[in-house]
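For what it's worth, full-length UniProt numbering labels the leading residue of the sequence shown as 1, then goes sequentially.
Here a beta-carbon is modelled for each residue, glycine too, at the ideal position from N, C-alpha and C.
Just below is one structure, and these are the notes that go with it.
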Amino acid sequence: TLALATAGLVLLCGCSADPATDEAAPGGNDGKTVPVSFAAELPATRATIEIGDDRFNGAWEVDIDKLGIHATLNGVAQINKPFVFSSEGIFKGELTPGTGAWTYLAYYPHGEQSLNGTSATIPFGNTRIQKGGTYNSLFDILIAPAQTTANSAEGVDDSGERIRFNMQRLTSILDFDLTN
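This is how it looks when you write it as C-alpha coordinates:
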(Lines of atoms letter the chains of each structure in order from A; the text may use other names.)
(Lines give C-alpha, C1' and ligand atoms only; values in the text may rest on other atoms or scores of the structure.)
Protein backbone atom coordinates (compact mmCIF):
# COMPACT_ATOMS: atom_id res chain seq x y z
CA THR A 1 0.00 0.00 0.00
CA LEU A 2 2.86 2.37 0.82
CA ALA A 3 4.46 1.54 -2.56
CA LEU A 4 1.21 2.36 -4.41
CA ALA A 5 0.81 5.65 -2.52
CA THR A 6 4.41 6.60 -3.31
CA ALA A 7 3.96 5.70 -6.99
CA GLY A 8 0.77 7.80 -7.12
CA LEU A 9 2.56 10.77 -5.52
CA VAL A 10 5.40 10.50 -8.02
CA LEU A 11 2.92 10.43 -10.91
CA LEU A 12 1.06 13.47 -9.56
CA CYS A 13 4.27 15.45 -9.16
CA GLY A 14 5.52 14.57 -12.65
CA CYS A 15 2.39 15.49 -14.66
CA SER A 16 0.86 18.78 -15.71
CA ALA A 17 -2.75 19.11 -16.79
CA ASP A 18 -2.00 22.33 -18.67
CA PRO A 19 0.20 21.77 -21.74
CA ALA A 20 0.78 25.52 -22.00
CA THR A 21 2.76 25.43 -18.75
CA ASP A 22 4.90 22.47 -19.75
CA GLU A 23 8.45 23.51 -20.56
CA ALA A 24 9.91 22.46 -23.87
CA ALA A 25 13.06 20.40 -23.94
CA PRO A 26 16.21 22.43 -24.65
CA GLY A 27 16.63 22.93 -28.38
CA GLY A 28 12.93 22.31 -29.05
CA ASN A 29 13.36 18.59 -29.69
CA ASP A 30 9.96 17.66 -28.26
CA GLY A 31 7.99 19.15 -31.18
CA LYS A 32 6.20 21.88 -29.20
CA THR A 33 5.88 25.30 -30.77
CA VAL A 34 5.54 28.76 -29.27
CA PRO A 35 4.14 32.01 -30.71
CA VAL A 36 6.82 34.16 -32.37
CA SER A 37 6.52 37.48 -34.19
CA PHE A 38 8.75 39.30 -36.65
CA ALA A 39 8.72 42.78 -38.15
CA ALA A 40 9.33 43.63 -41.80
CA GLU A 41 11.06 46.97 -42.32
CA LEU A 42 9.24 49.43 -44.54
CA PRO A 43 6.00 47.46 -44.77
CA ALA A 44 4.72 50.01 -47.28
CA THR A 45 6.91 48.37 -49.91
CA ARG A 46 4.43 45.80 -51.10
CA ALA A 47 1.03 44.08 -51.14
CA THR A 48 -1.80 46.51 -51.87
CA ILE A 49 -0.18 48.97 -54.24
CA GLU A 50 -1.71 52.22 -55.45
CA ILE A 51 0.05 54.08 -58.26
CA GLY A 52 -0.80 57.61 -59.32
CA ASP A 53 0.78 60.72 -60.83
CA ASP A 54 2.51 61.62 -57.60
CA ARG A 55 2.39 58.52 -55.46
CA PHE A 56 3.42 54.91 -55.11
CA ASN A 57 1.79 53.59 -51.97
CA GLY A 58 1.86 50.05 -50.70
CA ALA A 59 0.88 48.26 -47.53
CA TRP A 60 0.81 44.79 -46.06
CA GLU A 61 -2.73 43.36 -45.87
CA VAL A 62 -3.87 42.16 -42.43
CA ASP A 63 -4.62 38.41 -42.25
CA ILE A 64 -3.77 37.99 -45.96
CA ASP A 65 -0.04 38.56 -46.43
CA LYS A 66 2.25 35.76 -45.26
CA LEU A 67 6.01 35.68 -44.95
CA GLY A 68 7.75 32.36 -45.28
CA ILE A 69 10.43 31.81 -42.66
CA HIS A 70 13.27 29.33 -42.85
CA ALA A 71 14.70 29.23 -39.30
CA THR A 72 17.70 27.24 -38.12
CA LEU A 73 18.63 26.75 -34.45
CA ASN A 74 22.07 25.26 -33.80
CA GLY A 75 21.97 23.57 -37.21
CA VAL A 76 18.42 22.14 -36.92
CA ALA A 77 16.11 23.62 -39.58
CA GLN A 78 12.45 24.60 -39.42
CA ILE A 79 11.53 25.09 -43.07
CA ASN A 80 8.82 27.18 -44.75
CA LYS A 81 6.95 28.32 -41.63
CA PRO A 82 4.08 30.75 -42.38
CA PHE A 83 3.94 34.09 -40.54
CA VAL A 84 0.75 36.12 -41.11
CA PHE A 85 0.62 39.93 -41.02
CA SER A 86 -1.49 41.11 -38.09
CA SER A 87 -3.32 44.32 -37.18
CA GLU A 88 -0.47 45.07 -34.74
CA GLY A 89 1.85 45.61 -37.71
CA ILE A 90 3.89 42.43 -37.17
CA PHE A 91 4.02 38.96 -38.69
CA LYS A 92 2.87 36.20 -36.32
CA GLY A 93 3.52 32.47 -36.46
CA GLU A 94 5.06 29.63 -34.47
CA LEU A 95 8.49 28.07 -34.11
CA THR A 96 9.91 25.30 -32.00
CA PRO A 97 11.47 27.09 -29.02
CA GLY A 98 15.10 27.11 -28.05
CA THR A 99 18.05 29.29 -27.15
CA GLY A 100 21.23 29.34 -29.18
CA ALA A 101 22.57 30.38 -32.57
CA TRP A 102 19.61 31.19 -34.84
CA THR A 103 19.62 31.96 -38.56
CA TYR A 104 16.47 33.34 -40.18
CA LEU A 105 15.67 33.69 -43.87
CA ALA A 106 12.45 35.50 -44.82
CA TYR A 107 10.70 35.55 -48.18
CA TYR A 108 7.37 36.65 -49.60
CA PRO A 109 4.94 35.23 -50.46
CA HIS A 110 4.81 32.14 -48.29
CA GLY A 111 3.89 29.11 -50.35
CA GLU A 112 4.97 25.68 -51.43
CA GLN A 113 8.26 26.82 -52.90
CA SER A 114 11.12 24.40 -53.29
CA LEU A 115 13.75 25.32 -50.70
CA ASN A 116 17.20 23.86 -50.28
CA GLY A 117 18.67 26.27 -47.71
CA THR A 118 20.53 28.45 -50.20
CA SER A 119 17.92 29.04 -52.89
CA ALA A 120 14.20 28.91 -53.50
CA THR A 121 12.38 27.91 -56.66
CA ILE A 122 9.23 30.00 -56.98
CA PRO A 123 6.68 29.26 -59.71
CA PHE A 124 6.67 32.49 -61.72
CA GLY A 125 5.39 32.61 -65.28
CA ASN A 126 6.51 35.17 -67.83
CA THR A 127 2.99 36.53 -68.29
CA ARG A 128 0.12 37.41 -66.02
CA ILE A 129 -3.21 39.13 -66.38
CA GLN A 130 -3.90 42.36 -64.54
CA LYS A 131 -7.54 42.69 -63.53
CA GLY A 132 -8.47 46.35 -63.22
CA GLY A 133 -6.50 48.30 -60.63
CA THR A 134 -5.92 45.29 -58.41
CA TYR A 135 -2.24 44.45 -58.09
CA ASN A 136 -1.34 40.77 -58.24
CA SER A 137 0.63 40.57 -54.98
CA LEU A 138 1.26 36.83 -55.24
CA PHE A 139 4.00 37.62 -57.75
CA ASP A 140 5.62 40.46 -55.82
CA ILE A 141 8.60 38.33 -54.83
CA LEU A 142 10.51 39.71 -51.82
CA ILE A 143 13.44 38.34 -49.86
CA ALA A 144 15.44 39.63 -46.89
CA PRO A 145 19.11 39.18 -46.07
CA ALA A 146 19.69 36.45 -43.47
CA GLN A 147 19.42 37.50 -39.84
CA THR A 148 21.67 35.63 -37.40
CA THR A 149 22.14 35.52 -33.66
CA ALA A 150 24.96 34.10 -31.54
CA ASN A 151 22.87 33.11 -28.52
CA SER A 152 19.23 34.17 -28.27
CA ALA A 153 15.71 32.86 -27.79
CA GLU A 154 13.42 32.33 -30.77
CA GLY A 155 12.36 35.46 -32.68
CA VAL A 156 14.71 37.93 -30.97
CA ASP A 157 18.25 39.12 -31.55
CA ASP A 158 21.11 38.87 -29.05
CA SER A 159 19.87 42.10 -27.38
CA GLY A 160 16.37 40.69 -26.89
CA GLU A 161 14.83 42.88 -29.62
CA ARG A 162 12.36 41.44 -32.17
CA ILE A 163 14.05 40.28 -35.38
CA ARG A 164 13.38 42.80 -38.19
CA PHE A 165 13.61 41.88 -41.86
CA ASN A 166 14.54 44.41 -44.54
CA MET A 167 12.53 43.01 -47.44
CA GLN A 168 13.92 43.59 -50.93
CA ARG A 169 11.87 43.31 -54.12
CA LEU A 170 13.13 40.84 -56.73
CA THR A 171 10.70 41.97 -59.43
CA SER A 172 9.96 45.32 -61.04
CA ILE A 173 6.74 47.27 -61.02
CA LEU A 174 6.10 49.34 -64.13
CA ASP A 175 3.46 52.04 -64.52
CA PHE A 176 2.54 52.63 -68.17
CA ASP A 177 0.49 55.70 -69.02
CA LEU A 178 -0.80 55.30 -72.59
CA THR A 179 -2.75 58.51 -73.10
CA ASN A 180 -2.91 60.76 -76.18
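For A153, there is no enclosing beta strand (DSSP E), as DSSP marks it with neither H nor E.
Excluding the 5 residues flanking it on each side, A144 has same chain C-beta neighbours closer than 7 Å at A106, F165, N166, M167, Q168, in chain order. Per DSSP, E94 is one residue of the beta strand (DSSP E) stretching across 91-95.
Assignment of P109 by DSSP, reduced to helix, strand and coil, places it in the coil class. Taking 9 Å as the cut-off, the Cβ atoms of N74 and A101 count as close. Taking K66 as reference, the option from A146, A77, L170, G89 with the minimal CA-CA separation is G89.
For P145, there is no enclosing beta strand (DSSP E), as DSSP marks it with neither H nor E. If you draw a straight line from the Cα of V156 to the Cα of A146, it comes to about 14 Å.
Partner residues in a beta bridge of A101, as assigned by DSSP, do not exist.
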